[in-house]
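Okay, so here's the structure we're looking at.
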Amino acid sequence: MPANAPSGSQGAIASSALVSGDKSRTTFSIVLSKGVKAEIVTLANPYRVIIDMPEVVFRLPAGAGRGAIGLSQAFRYGLFAEGKARIVIDTEGPVAIDRADMKPLAEGAGLKLSIDFVPMEAAAFGGGTGAARAAAAAAHAREQKPTVHEEHTEKPKSRAKPVVMIDPGHGGIDPGAIGGSNLYEKTVVLLVAQQLKSALVATGRYKVVLTRQTDVFVSLDQRLKLSREHAPDLFISLHADSIDAKNLTQVIRGASVYTLSERASDSLARLMAEKENASDLIAGLESSDGEGQDEVRSILIDLLKRETANFSADFSRTLVSKLGKAIPVSRDPMRAAAFKVLKQTGSPSVLVELGYMSNDDDEKLMKSESWQKQVSTSIAQAVDQYFSRRAVGSR
Ligand code: ZN
38 MPANAPSGSQ GAIASSALVS GDKSRTTFSI VLSKGVKAEI VTLANPYRVI IDMPEVVFRL
98 PAGAGRGAIG LSQAFRYGLF AEGKARIVID TEGPVAIDRA DMKPLAEGAG LKLSIDFVPM
158 EAAAFGGGTG AARAAAAAAH AREQKPTVHE EHTEKPKSRA KPVVMIDPGH GGIDPGAIGG
218 SNLYEKTVVL LVAQQLKSAL VATGRYKVVL TRQTDVFVSL DQRLKLSREH APDLFISLHA
278 DSIDAKNLTQ VIRGASVYTL SERASDSLAR LMAEKENASD LIAGLESSDG EGQDEVRSIL
338 IDLLKRETAN FSADFSRTLV SKLGKAIPVS RDPMRAAAFK VLKQTGSPSV LVELGYMSND
398 DDEKLMKSES WQKQVSTSIA QAVDQYFSRR AVGSR
């Protein structure tokens, strides 16, 4: 259901958003500095309302979207791709969009986009808005090329320097874990990624590529595609954990380094992989018919070279030892699980969970510039040690 309004070429600013009503009718409204074209669709598995708009700058208060009101369980917002903003409202069950409009507010105060949704029968869901549109959107998202920043544009064959790909997790519509004081995982990992890039580039020894440089969503498939294209000598994915169990949040903390394994090293590791693998779902891409886990398996059997796995494990050991000297690490910091983003065919890859957003001490640390500096410095040192050992050993 499109809600049209006069639009301009510059992005609109979203300054406030509100959910009101009850379980018989719920209204979502958002104030925009000017009109945009909004596309509204509903999706199942899980049930959601998705609002797509051209680029919108979100200036909503911290914590906006958290908490259940009426049929809405929570909502998220952010960039879905370059120039595409998205709002995802998680709903309690199947809903139908009953009304959508964009009305001007008082002079100079912008416009208000309001959407009413009402409950509907699950059996009747999917007849109109959801499935086909979502499939098209997913296909489109897969085609979208994320922006990649490169230091040089050499071909992989004529490499003068090892290529390190840094992969800050989440972004845009997918915030990742959210800390008690509303710190977003996507923000922390991007800050660390940028500092790590600076540290590596400063040595003059590496070419560094980021999978995202801004607060934009990049799907797991896009990240893997980028890795295939650039064939990095090392792939480092950056994340920050969170644990839901209330009795454990203040106990479990510290950094962990994960390598790819079909069999998780422990149940917590398995849980983390499941959470991180759900990123595409969180961003409103359709779940791909149970594809995820099986795909990881077949890649493991078919393609993962022993050598790559050995290099990943080697870097993981080096990294844990360097991190352990700089920041708190978890009790069992070398772990393995079936993270989709680690299913790399030829590039040694690790996923670093920098700490637990759910732990107040960790969250406080992650906010501090000195922690971010220490983390990026120690990862850079580990990269140096890893490559210097390879240069001596095999070249
Ligand atoms: Zn994450």
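Under our numbering, the residue at position 272 of the sequence shown is numbered 309, and the numbers go up by one with no gaps.
Even glycine gets a Cβ: it sits at the ideal position worked out from N, Cα and C.
For clarity, every value in this text was computed on a predicted model and none was experimentally measured.
Among Arg-427, Val-420, Ser-425, nearest to Val-201 - alpha-carbon criterion: Val-420
In whole angstroms, what is the alpha-carbon distance linking Ala-268 and Arg-96? 37 Å
6 Å Cβ shell around Ser-52 - same chain, five flanking residues per side excluded: Within the same chain, Ser-52 has close Cβ partners Val-68, Arg-96.
List the DSSP bridge partners of Ile-435. Residue coverage of the chain in this structure runs from 38 to 432, which leaves residue 435 outside it and unanswerable.
Can you tell me whether Gly-213 sits near ligand 1, meaning its C-beta is under 6 Å from at least one heavy atom of the ligand? yes
So, is Ala-143 buried or exposed, given that buried needs 16 or more other C-beta atoms within 10 angstroms? exposed
Out of Ser-109, Lys-121, Pro-141, Lys-140, state which residue places its alpha-carbon closest to the alpha-carbon of Val-132. Answer by Cα proximity: Ser-109.
Look up Ser-358 in the DSSP assignment and say whether it is helix, strand or coil. helix
Give me the residue from Val-229, Leu-318, Tyr-243, Thr-64 with the minimum Cα distance to Gly-107. Thr-64
Heavy atom of ligand 1 within 6 Å of Gly-206 beta-carbon: Yes, the Cβ of Gly-206 comes within 6 Å of a heavy atom of ligand 1.
Looking at ligand 1, does it come within less than 6 Å of Glu-400, judged from the CB to the closest heavy atom? no
Could you round the C-beta distance between Asn-314 and Lys-377 to whole angstroms and report it? I think they count as a contact, below 8 Å. 5 Å
Tell me whether Glu-313 counts as near ligand 1, meaning its Cβ is closer than 6 Å to at least one heavy atom of that ligand. yes
Would Arg-125 and Arg-136 qualify as a contact pair, given that the criterion is a beta-carbon distance under 7 Å? What sits at residue 125 in the sequence shown is Val, not Arg. Cβ distance not < 7 Å, so Val-125 and Arg-136 don't count as in contact.
Is the beta carbon of Ala-277 sitting closer than 7 Å to the one on Gly-102? no
Leu-227, enclosing alpha helix (DSSP H) - first and last residue: 222-240
Residue range of the beta strand (DSSP E) that Ser-151 falls in? Where Ser-151 is concerned, the enclosing beta strand (DSSP E) starts and stops at 148-156.
Exposed or buried, Asp-303, counting other C-beta atoms within 10 Å across all chains shown (16 or more means buried)? Exposed, because fewer than 16 other Cβ atoms sit within 10 Å of the Cβ of Asp-303.
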